[in-house]
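Going down the list, the protein sequences come from chains G and F. Take the first sequence: its position 20, counting from 1, is numbered 120 in the working numbering, and each next residue is one higher. Take the second sequence: its position 418, counting from 1, is numbered 421 in the working numbering, and each next residue is one higher.
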Amino acid sequence: MKKILVLLLLAVFGIYLADVLFSLEFGKQFFTDGVKDFYLTKGPLDLKVSNTITAIIVNFRGFDTLGEVTVLFLATTAMGGILYKKRHKVGARSVLFPSSQIVMAGSKILFPAIILLGIYVFVHGHLTPGGGFQGGTIIATGFLLMLLAYQDYTVSHKVLTIVESLAGITFVVIGLMGLIKGSTFLENFMPVGTLNNLFSGGLIPIIYIVVGFKVGAELTGLIYTALHEKD
Amino acid sequence: MVGSPILFVAVPLLAAFLIPLFGFIWKELVRIVPGIVLLYLLILSVSLYIQVLQDGTIVEQIGGWAPPWGINLVFSPFTGLLTTLMLFLAFIIWLYSYRFKNVDFEPSKKYFILLLMLVTGSIGIVLTGDIFNQFVFIEIMSISGYALTAFYTGRDSAEASFKYLIMGSLSSMFLLLAIILIYSQLGTLNMADIASKAHLMKPEFRVLALVFFIVGMGIEAEIFPLNGWAPDAYSQAPGPIGAAFSGIVVKAGIYSIIRVTFTLFDVEGTMQFLVLMGMITLVVAEMAAIKQDKIKRMLAYSSIGQMGLVLVAFGIGTEEGVFAALFLMVNHALVKPLLFLSASYLVFNSTEKSIRELNGLGKYLPLTSFLFALGAIAIVGMPPLSGFWAKWSMLTAAANSNMILIIGLVLLVSVVEIVYYFRVVNRIYFFKKEEDVEPKKPTINAMVSMIVLGILIVTIGFYPDLITSYLHEASESLLDKGKYIQDVLSAGQSIIQ
Chain G
101 MKKILVLLLL AVFGIYLADV LFSLEFGKQF FTDGVKDFYL TKGPLDLKVS NTITAIIVNF
161 RGFDTLGEVT VLFLATTAMG GILYKKRHKV GARSVLFPSS QIVMAGSKIL FPAIILLGIY
221 VFVHGHLTPG GGFQGGTIIA TGFLLMLLAY QDYTVSHKVL TIVESLAGIT FVVIGLMGLI
281 KGSTFLENFM PVGTLNNLFS GGLIPIIYIV VGFKVGAELT GLIYTALHEK D
Chain F
4 MVGSPILFVA VPLLAAFLIP LFGFIWKELV RIVPGIVLLY LLILSVSLYI QVLQDGTIVE
64 QIGGWAPPWG INLVFSPFTG LLTTLMLFLA FIIWLYSYRF KNVDFEPSKK YFILLLMLVT
124 GSIGIVLTGD IFNQFVFIEI MSISGYALTA FYTGRDSAEA SFKYLIMGSL SSMFLLLAII
184 LIYSQLGTLN MADIASKAHL MKPEFRVLAL VFFIVGMGIE AEIFPLNGWA PDAYSQAPGP
244 IGAAFSGIVV KAGIYSIIRV TFTLFDVEGT MQFLVLMGMI TLVVAEMAAI KQDKIKRMLA
304 YSSIGQMGLV LVAFGIGTEE GVFAALFLMV NHALVKPLLF LSASYLVFNS TEKSIRELNG
364 LGKYLPLTSF LFALGAIAIV GMPPLSGFWA KWSMLTAAAN SNMILIIGLV LLVSVVEIVY
424 YFRVVNRIYF FKKEEDVEPK KPTINAMVSM IVLGILIVTI GFYPDLITSY LHEASESLLD
484 KGKYIQDVLS AGQSIIQ
């Protein structure tokens, strides 16, 4: 009886929700003076950034990105803190299986290529699709491949912590420099260059490189912690 | 120029990223730095608050873009009051937990980073003027919350944390849906801009967005029936974190609901809805509290009940009602942490943490027991402590709006509160101590932090006028929606031209 009631309630709610959402008519424009036109014109014109999404994420709403970077940092910290007691000593790990010769040899060739691709993606974040988060994730997959292929492959936790911290500090310091040099936090204080050049967009490439390092280090740390968890 | 509101977010973030590096240099720095940061921010917050009361709201732009396009922080008499309150509590909690996990370096490092971020997230929620930015801060706050709940890495704390995680993820999803709905209709994310354009939204979208918001934030603000995570999280988290949840996190949740209902949308009947939900929360939570035999669960349910009371007071909708709600919030933010902090020393060595184990501790831990009793008297609203004035202003506000039912209910619930709090106080002072209980003396820093809270409660009780003028300023600033919109949007226009 109780279940039927719950189902009925959910059905009523669902019908209402569907009714409202279907009347949303995706693709149709509801508003005239939203903020999007401002972004679309200011992005290429003032900031000289051809990838408008990057301009929005890193410049117009850069504060959100700082927050998202912090969220990832916290997730890593949390995982490290919770799994702390369950961690094996250095070298020992929970996933123990020998990889085949093909995987071991192949990953050695692929590893530099993956890292290079990751770096390419975050360095060109303001020109092509992608950016710091994507590039960092690609780098972390490279380390994941190495960790899976070689049982004795280790990453220094200390180095990861230092990279992660320095990247975070750089982001905040860049923001504070904006406050000192300009008048507001995270304000662009560097020359913007010309559209479609590698050196363009002012602070955007720098912030994305920093984010790339940070995300790469953090995700690698997460994978490493999870691999070394006791059951 | 003393500083700008952005420092409330930037400095703790910088500190959080620096703490792991400090750990390599000198381990004690990991404990000291958060305290210095919190003290600095507290001083900054007080001086900014004084400046705001004289010169009016500060609107801080970020990234050099004016409000509808960029993100902004708003330091008004209302948000400033909450920021100062949160920072004060954060400093007290830091002081209390200074020697926390002294033997283990790695967990204590994480603990201080997460505590700092929990506070930063809550302050960000209060200060920001942008709904998506608020969402980001909610994420920061709740992820630190999940981690701190699971801090003791036992089976129960993992379960509590998992429960909180599931509820919190649901909350994020609802908030994101609300934000998407609003953006699809108005094309803006700035709160002031939304508030000035909200009438352009179709009514069904407006109602749906509001419902999603209230459900999403209701989870953080512990409104019934969305508060299933709270008692578990409060009782499994370390003692100071329980205090931080009740004093800081919940306040941020309430703030968000209030901002959305008072400023963003004025949908007909929202106030009645707040009163109704508040009353249900109040009654259910107090009924549950009286049945608990674990001290921290009892305090958690009492905390939920108090939040219901705050919602009822906000729902009255008049200036008096908002004033009473703020008074209740301040009172709860000072008293509940005191109760949590003293209770966690009273049950320090026990595994069950049940009320039975508090028997007769009055003789062994006289000062801690006294502070607990003081908190209990303040929270039920007995004169001459701060709780009395808070409840009194709430009852007058209700009486002036002819809401007789609320008065009756609040008085009835107060009786229930008296029963379960005084049952505990009675056990502490007039029962014989259990054989197997070993009392643990609080450390000096913990004692100091509890005594500061105790002194504040007594002072406000005898001189309520010390804070009422600030509360009046804050409630006026909350209710004056036109001024909020004008403050935020005009600051932008002058820069553009």
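The C-beta atom is built at its ideal place from N, Cα and C for all residues, glycine as well. These numbers come from a predicted model, not from an experiment.
Residue i at chain F interface by Cβ criterion, 8 angstroms
i: L174/G; result: yes
i: E287/G; result: yes
i: F131/G; result: yes
i: K136/G; result: yes
i: E168/G; result: yes
i: A317/G; result: no
i: T320/G; result: no
i: V272/G; result: yes
i: I307/G; result: no
i: G181/G; result: yes
i: L276/G; result: yes
i: A326/G; result: no
i: V171/G; result: yes
i: G268/G; result: yes
i: A178/G; result: yes
Nonlocal neighbours in the same chain, by C-beta distance under 8 angstroms from residue i, ignoring five residues either side
i: L24/F; result: none
i: I65/F; result: I9, G73, I74, N75, L76
i: I498/F; result: Low local confidence applies: a pLDDT of 48 at I498/F is under 50, so the model's placement there is unreliable, with the coordinate-based value given in what follows. Only Q64, A69 meet the Cβ criterion.
Same chain, Cβ closer than 6 angstroms to residue i, neighbours up to 5 away in sequence not counted
i: K484/F; result: T266
i: T270/G; result: V310
i: G308/F; result: L285, A288, E289
i: Q137/F; result: I128, T131
i: S531/F; result: Residue 531/F lies beyond the residue range present for chain F, which begins at 4 and ends at 500; the question has no answer from this structure.
Cβ distance (whole Å) where residue i is taken to contact residue j below 8 angstroms
i: I298/F; j: L361/F; result: 7 angstroms
i: T325/G; j: M204/G; result: Going by Cβ atoms, the distance from T325/G to M204/G rounds to 23 angstroms, so no, they are not a contact pair.
i: L319/G; j: A240/G; result: 3 angstroms
i: I491/F; j: A195/F; result: Position check: residue 491/F holds Val in this sequence, whereas Ile was assumed. Confirmed, Cβ separation roughly 4 angstroms.
i: G235/G; j: V221/G; result: 4 angstroms
i: F154/F; j: K30/F; result: At roughly 19 angstroms, the Cβ-Cβ gap does not stay under 8 angstroms, so F154/F and K30/F are not in contact.
i: A393/F; j: N334/F; result: 4 angstroms
C-beta neighbour in chain G for residue i, strict 8 angstroms
i: W72/F; result: yes
i: I499/F; result: Legend: pLDDT at I499/F = 46, less than 50; position of this residue unreliable, no value from coordinates given.
i: I358/F; result: no
i: A327/F; result: no
i: I9/F; result: yes
i: A288/F; result: no
i: A13/F; result: yes
Other residues of its chain near residue i: CB distance less than 7 angstroms, five sequence neighbours each side excluded
i: L173/F; result: I222
i: G250/F; result: L92, A336, K339, P340
i: A19/F; result: I116, L119, M120
Any non-hydrogen atom of the ligand ADP closer than 7 angstroms to residue i Cβ
i: I257/F; result: This structure lacks the ligand ADP; in fact it carries no ligand of any kind.
Point to revise | Near-chain G residues of the region 88 to 120 of chain F (beta-carbon distance less than 9 angstroms), N- to C-terminal order | key: D107, E109, P110, K112, K113, Y114, I116, L117, M120
Practice item. Taking a Cβ distance cut-off of 9 angstroms, strictly less, list which residues of the region 130 to 151 of chain F are near chain G, in chain order. Key: T131, D133, F135, N136, F138, V139, F140, E142, I143, I146, S147, Y149, A150, L151
**Study point:** Segment contact flag, the region 225 to 238 of chain F with the region 161 to 179 of chain F, C-beta cutoff 8 angstroms, min 3 pairs
**Key:** yes
Practice item. Can you give me, in chain order, the residues of the region 149 to 181 of chain F that have a beta carbon less than 9 angstroms from any beta carbon in chain G? Key: Y149, A150, L151, A153, F154, T156, A161, S164
Review point. Between the region 106 to 126 of chain G and chain F, which residues of the former have a C-beta closer than 9 angstroms to a C-beta of the latter?
Key: Cβ contacts with chain F come from Y116, L117, D119, V120, L121, S123, L124, F126.
Exercise for review: Could you please tell me which residues of the region 188 to 221 of chain F, in chain order, have their CB closer than 7 angstroms to any CB of chain G?
Suggested key: Q188, L189, G190, T191, E207, F208, L211
**Study point:** Interface residues of the region 58 to 70 of chain F facing chain G [CB-CB below 8 angstroms]
**Key:** Correct list: E63, Q64, I65, G66, G67, W68.
Review point. Going along the chain, which residues of the region 15 to 31 of chain F sit with their C-beta nearer than 7 angstroms to a C-beta in chain G?
Key: L16, L17, F20, L21, P23, L24
Practice item. Mind checking the region 246 to 265 of chain G against chain F and listing, in chain order, the residues whose C-beta falls within less than 9 angstroms of any C-beta there? Key: K258, T261, I262, E264, S265
Point to revise | the region 46 to 59 of chain F touching the region 78 to 86 of chain F, judged by at least three CB pairs closer than 8 angstroms | key: As far as the Cβ criterion goes, the region 46 to 59 of chain F touches the region 78 to 86 of chain F, which means the pair count is three or higher.
Exercise for review: Count the CB pairs spanning the region 85 to 101 of chain F and the region 338 to 347 of chain F that are closer than 8 angstroms, and state whether there are at least three.
Suggested key: yes
Point to revise | Contact residues within the region 153 to 164 of chain G, judged by C-beta distance below 7 angstroms to chain F | key: Listed by position along the chain: N159, F160, R161, G162, F163, D164.
Check your understanding: Are the region 438 to 458 of chain F and the region 32 to 48 of chain F touching by the rule of at least three beta carbon pairs closer than 8 angstroms?
Key -> No, because fewer than three Cβ pairs between the region 438 to 458 of chain F and the region 32 to 48 of chain F fall closer than 8 angstroms, the two stretches do not touch.
Check your understanding: Which of the residues in the region 239 to 253 of chain F, read from start to end, lie with their CB under 9 angstroms from any CB of chain G?
Key -> none
Review point. Taking Cβ-Cβ distances below 8 angstroms as the criterion, which residues of the region 278 to 305 of chain G are in contact with chain F?
Key: G278, L279, G282, S283, T284, F285, L286, E287, N288
Review point. Given 8 angstroms as the limit, is there contact between the region 425 to 437 of chain F and the region 366 to 384 of chain F, that is, 3 or more CB pairs closer than that?
Key: yes
**Study point:** Contact set between the region 196 to 212 of chain G and chain F, restricted to residues whose Cβ is under 9 angstroms from the partner
**Key:** none
**Study point:** Meets three-Cβ-pair contact criterion under 8 angstroms: the region 313 to 322 of chain F and the region 389 to 404 of chain F
**Key:** The answer is yes - the region 389 to 404 of chain F touches the region 313 to 322 of chain F, with three or more Cβ pairs under 8 angstroms.
Review point. Taking one C-beta from the region 155 to 162 of chain G and one from the region 301 to 316 of chain G each time, how about it: are there three or more such pairs within less than 8 angstroms?
Key: yes
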